[in-house]
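Peer 1: Structure in structure tokens, see below.
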Amino acid sequence: MASHAGRLLLLLALAAALAGRSEGAWCVCRPDLPDATLQRTLDYACGSAADCKPIQRNAACFAPDTVKAHCSYAVNSYYQRSGQNPLACVFSSTAVISSTDPSTNGCKYPATPRIVEH
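Residues 1 to 118 in UniProt numbering are what the sequence shown lists, from first letter to last.
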């Protein structure tokens with residue numbers, strides 16, 4: 001059953017990516033998951049291709065200082081640096097593709113694919 005739910009989430013993410021591509025697509029962490037789960041996703045993204053400098057203390061995207069906000073910034077950076085490949089927003093079903101801009105005052109989430117070699 002878990003693999004069925006995972007496939008369903010992947011299909012939803014693919015559909016959202018295709019639907020939201022023209023105006024922007026962002027990868028965000030699921031708000032219904034515990035902080036410990038999101039922290040593991042954040043750690044993975046920052047340890048891979050994500051640019052996590054903007055979520056460091058005193059940087060533009062440090063606030064709000066929550067695991068969910070930092071997780072979303074990190075997975076979105078990873079997703080954009082992977083050319084908005086829908087598979088780059090799976091993170092073991094902890095993130096989803098959204099057509100809603102998650103940017104906040106003073107913190108602009110990238111919405112343009114920028115492929116970076118991993």
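Note that CB positions come from ideal geometry on N, CA and C, so glycine has one too.
#1: How far does the alpha helix (DSSP H) with Val75 in it extend, from its first residue to its last?
#2: With the cut-off set at 8 Å, would you say Ser77 and Asp51 are in Cβ contact?
#3: Look at the alpha carbon of Arg57 and the alpha carbon of Pro113, and state the distance between them as a whole number of angstroms.
#4: Rounded to the nearest angstrom, what separates Tyr109 and Pro34 at their Cα positions?
#5: Rounded to whole angstroms, what is the Cα-Cα separation between His70 and Glu23?
#6: According to DSSP, simplified to helix, strand and coil, what is Ala45?
#7: Can the beta-carbon of Ile115 be found less than 8 Å from the beta-carbon of Gly83?
#8: May I ask which residues mark the beginning and end of the beta strand (DSSP E) holding Ala95?
#9: Closest by CA to Gln80, which one among Lys68, Ala49, Thr37, Thr104?
#10: If I measure Cβ to Cβ from Arg30 and keep anything under 7 Å in the same chain, skipping five residues before and after, which residues do I get?
#11: Is it true that the CB of Val75 sits closer than 8 Å to the CB of Cys89?
Peer 2: According to the data block:
#1: Walking along the sequence shown from the start, residue 75 turns up at place 75. DSSP places Val75 in the uninterrupted alpha helix (DSSP H) bounded by 67 to 81.
#2: If you number the sequence shown from 1, residue 77 lands on position 77. If you number the sequence shown from 1, residue 51 lands on position 51. Yes; because the gap between Cβ atoms is below 8 Å, this pair is in contact.
#3: Counting from one through the sequence shown, the residue named residue 57 turns up at place 57. Counting from one through the sequence shown, the residue named residue 113 turns up at place 113. If I take the Cα positions, the gap works out to 26 Å.
#4: Locating residue 109 in the sequence shown gives position 109, counting from the first residue. Locating residue 34 in the sequence shown gives position 34, counting from the first residue. Cα to Cα, Tyr109 sits roughly 23 Å from Pro34.
#5: On the sequence shown, residue 70 is found 70 positions in, with the first residue counted as 1. On the sequence shown, residue 23 is found 23 positions in, with the first residue counted as 1. Cα atoms of His70 and Glu23: separation of roughly 23 Å, rounded to the nearest angstrom.
#6: Reading the sequence shown from its first residue, position 45 is the one you call residue 45. In the structure shown, Ala45 sits in a helix (DSSP, three-state: H, G or I).
#7: In the sequence shown, the residue the question calls residue 115 occupies position 115. In the sequence shown, the residue the question calls residue 83 occupies position 83. One thing to note: Ile115 has its Cβ within 8 Å of the Cβ of Gly83.
#8: Here residue 95 is taken as the residue at index 95 of the sequence shown, counted from 1. Residues 95 to 98.
#9: Working through the sequence shown from its first residue, we reach residue 80 at position 80. With distances taken between Cα atoms, Gln80 lies closest to Ala49.
#10: For the purposes of this step, residue 30 is identified with residue 30 of the sequence shown, where counting begins at 1. Result list for Arg30: Thr94, Ala95, Val96, in chain order.
#11: Position 89 of the sequence shown holds residue 89. Position 75 of the sequence shown holds residue 75. When the beta-carbon positions are compared, Cys89 and Val75 come within less than 8 Å of each other.
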